[in-house]
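The structure appears below as structure tokens.
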Amino acid sequence: MPSVWQSATRQTSSATFITRVKKLQAIHIRGQWWGCGLKIRPSFGNNWTKFNFFLLASGPISAASIHSIPSPHPWRSAVSPTLPVPSTLPRPWLTHYEPGVPHDFAPSNLTLPQLLERAAQTYPDRTALAFLGANTTYRELWQDAQKFALALQKMGVGPGDRVSVMLPNCPQFVTAFFGTLLAGAVVVNTSPLYVADELEYQLNDSGSETLILLDTFYPRYAQIQGRVPVRRVIVTGIQDALPFPKNLLYPIKARREGTWVDIPDSAHLLQYADLLKFQPPTPAPAPRQPRDLALLQYTGGTTGVPKGAMLSHRNLIANAEQGRVWMTDLKDGQEVTLAAIPFFHVYGMTVAMNLSILIGATMALIPNARDIGMVLDQIEASRATLFPGVPTLYNAINNHPDTPKHDLTSIRACISGSAPLLLETARKFREITGGANLVEGYGLTEASPITHTNPIFGRQEEGSIGLPMPGVDAIVVGEDGEIVDTSEVGELWVAGPNIMMGYWQRPDATEKTMREMHGLTWLLTGDMATVDGDGYFRIVDRKKDLIIAGGHNVYPREVDEVLNAHPAVLEAAVVGLPDEYRGETVHAVVHLKPGATATEAEIIAFCRQHLSAYKSPRSVEFRDEELPKTAAMKILRRQLAEEAREARVRQPSA
């Protein structure tokens, strides 16, 4: 006898299936469920799943009443042609959208190469990329992408093949990204910060046979050559993107500084510049559909083994377009985006690259966002108007000694993502830019990545991640799987056209992360959150970062807020350490501002002025260097905890 899932999704016009459920017999006849009268708890194997359905009389059972249906393919919608499931969830946030922001949203039926082609047709002579004095127009960028696509096709790269791109923000990244997709292949974003072991893992996991990298990263690949499936390596250098005479002077400077890398001659090593030089911009057609896989974006691995989130053309187009309709004052063909957040991170790729192309903006490329001097220079020189970033970047600008020497008043809008935005960071940044709208947003790799943000010019709730973006549904779910009441803490679930297809070759992980409920495919974020009556969401903390001290729940973000408000603190984070008496104890790791001083007792006393005693740190560790971060500049809380535990183990014998 088929399961409820099989019956509900089988497309048949005549067969009848009967499934026994508790105190109810449900019959599937000609595409409809028929039953009577009670709450249903159908059995799937050994598990019971709530339907939360009440029927006053016999007749068709509406699929809209289904609370959840397990799916053998959880990354696919439970909605079938014979069982439409409209969402009837309340959306209080719609009343707080700014004027002009649509309440209904559907992404364009485009692929990413079509997005670039359209920009080249609309803004052919507008500068698309500004990089160290070299400008590339949209017409030139589209031609380069076509040339690169043809070069890949001549090498045998075809639809569905994975191509790893290991580059910083530079013109070659944008060309390789869109050229790969135009050839019909799948981009695998690869962090330039990877050590050899991490690179080996990702190349093997993705099955990439083509790798595009910067020459300075080649030694890391050389360590693992022969242990990965890579058949061809395309090498480029910063000099390939520079105008004359900088392209000749750069290698001389690199040799003098000891950063130049000699690339050996090999049949499988190809030069990026040569590939573009001799190619006509006429790649063979490689038809791809919006729902086809476009990108493998690996999670940072901060919570376990890295997994490749499968993002389609539609996912990525949707999120760029969601950003466009959210920022109602954007002027197509006139904006300048400071592209400092890395493109190899999905946040930078979507907001700094894809959104810029969508609106015909100029991208002022920053290859190294940690070079705050370059960031400041580029803001002033390019008159950047949009500045997507992360809290650590805004905080670094706030505290850089050269900031007062630069005019930053051109910046109009900033969306901060990837990590919680501390209130003091936002306040000071607005002050030094003359009132730039810096708002906190929220997202994750699996959502392409943005799901929430505060209104740019409307009502902004400090400490809130804001409202769900157009087309995004969001709920807060308790441990029992039920939606919690307003202001209660639960796990944030999100759904929408930007949600991933699943994890690459990880059906088990996909099943744990995605659920069917209320007719939608939900992504379980792992973040603990609340939502108020107006639809503003707040992240309480990562579910896995929760510290339980003496039976009390301590959310690290709350303590971080207080620590970072101390006048001597540049950046700080807390972690939980094992404690025989309390279970866990709160430990703070602090990096002070240059020239500032503070003692452990002073830091703890400051926290106790603003926090309950059980939330306040019991120990403080001071570091001379900045705290460890991911490529997206998130503080690596797990690494801090591991290092603190190791130091504690060594301490007795010291």
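Convert by adding 247 to the 1-based position in the sequence shown; the result is the number in my numbering. Every residue gets a Cβ at the ideal spot worked out from N, C-alpha and C, and that includes glycine.
- Around the beta carbon of ASP618, fewer than 16 other beta carbons sit within 10 angstroms, so the residue counts as exposed.
- In the DSSP assignment, ALA819 is bridged to VAL837.
- Considered as a whole, the region 426 to 509 harbours 443 to 453, 465 to 471, 493 to 504 as its complete alpha helix (DSSP H) runs of no fewer than 4 residues, in chain order.
- Taking the CA atoms as reference points, ILE626 sits about 18 Å from LYS578.
- Annotated three-state conformation of PHE784 is strand, per DSSP.
- Exclusion of the five residues before and after HIS343 leaves PRO702, GLY705, ARG706, LEU714, ASP781, GLY782, TYR783 as the residues of its chain whose Cβ lies within less than 8 Å of its Cβ.
- LYS881 sits close to SER665, with the two beta carbons spaced by under 7 Å.
- Under DSSP, the beta-bridge partners assigned to TRP769 are ARG762.
- Note that the C-beta distance between LEU376 and THR369 is not below 7 Å.
- For GLY607, the closest alpha carbon among the candidates LEU363, THR335, ALA860, PHE869 is that of LEU363.
- Boundaries of the alpha helix (DSSP H) around CYS854: 847 to 857.
- DSSP, read as helix, strand or coil, puts GLU868 in strand.
- TRP389 is bridged by DSSP to nothing; it lacks a bridge partner.
- Counted as a single uninterrupted DSSP element, the beta strand (DSSP E) harbouring GLY688 occupies residues 684 to 690.
- Considering only THR483, PHE491, ASN451, the residue with the shortest C-alpha distance to GLN472 is ASN451.
- Excluding the 5 residues flanking it on each side, PHE425 has same chain C-beta neighbours closer than 7 Å at LEU359, PRO360, LEU363, ALA392, in chain order.
- Under the rule that a run must span 4 or more residues, the alpha helix (DSSP H) segments found entirely inside the region 649 to 733 read 670 to 679.
- Beta-bridge annotation (DSSP): TRP740 is paired with ILE722, LEU771.
- Short of 7 Å from the beta carbon of ASN645, and not among the five residues preceding or following it, lie these beta carbons of its own chain, in chain order: THR672, LYS675, PHE676, ILE679.
- In the DSSP assignment, GLN518 falls within the beta strand (DSSP E) that extends over 516 to 518.
- ASN436 is the residue among ASN436, ALA843, GLU387, VAL806 whose C-alpha sits nearest the C-alpha of PRO589.
- Exclusion of the five residues before and after GLU847 leaves VAL867 as the residues of its chain whose Cβ lies within less than 6 Å of its Cβ.
- Between MET413 and PRO439, the CB-CB gap stays under 7 Å.
- Fewer than three beta-carbon pairs drawn from the region 581 to 596 and the region 714 to 727 are found closer than 8 Å, and the two stretches are therefore not classed as touching.
- Scanning the region 570 to 637 from its first residue to its last, the whole beta strand (DSSP E) runs of 3-plus residues come out as 583 to 586, 609 to 612.
- The beta carbons of PRO667 and ARG804 sit closer together than 7 Å.
- GLY830 is bridged by DSSP to ASP826.
- By the criterion of a C-beta distance shorter than 7 Å, ARG538 is surrounded in its chain by SER559, ARG561, once the five residues flanking it on both sides are discounted.
- Membership of THR369 in the alpha helix (DSSP H) is indicated by the continuous run 359 to 369.
- The beta carbon of THR777 lies closer than 6 Å to those of SER734, VAL736, ARG785 in the same chain, with the five residues before and after it left out.
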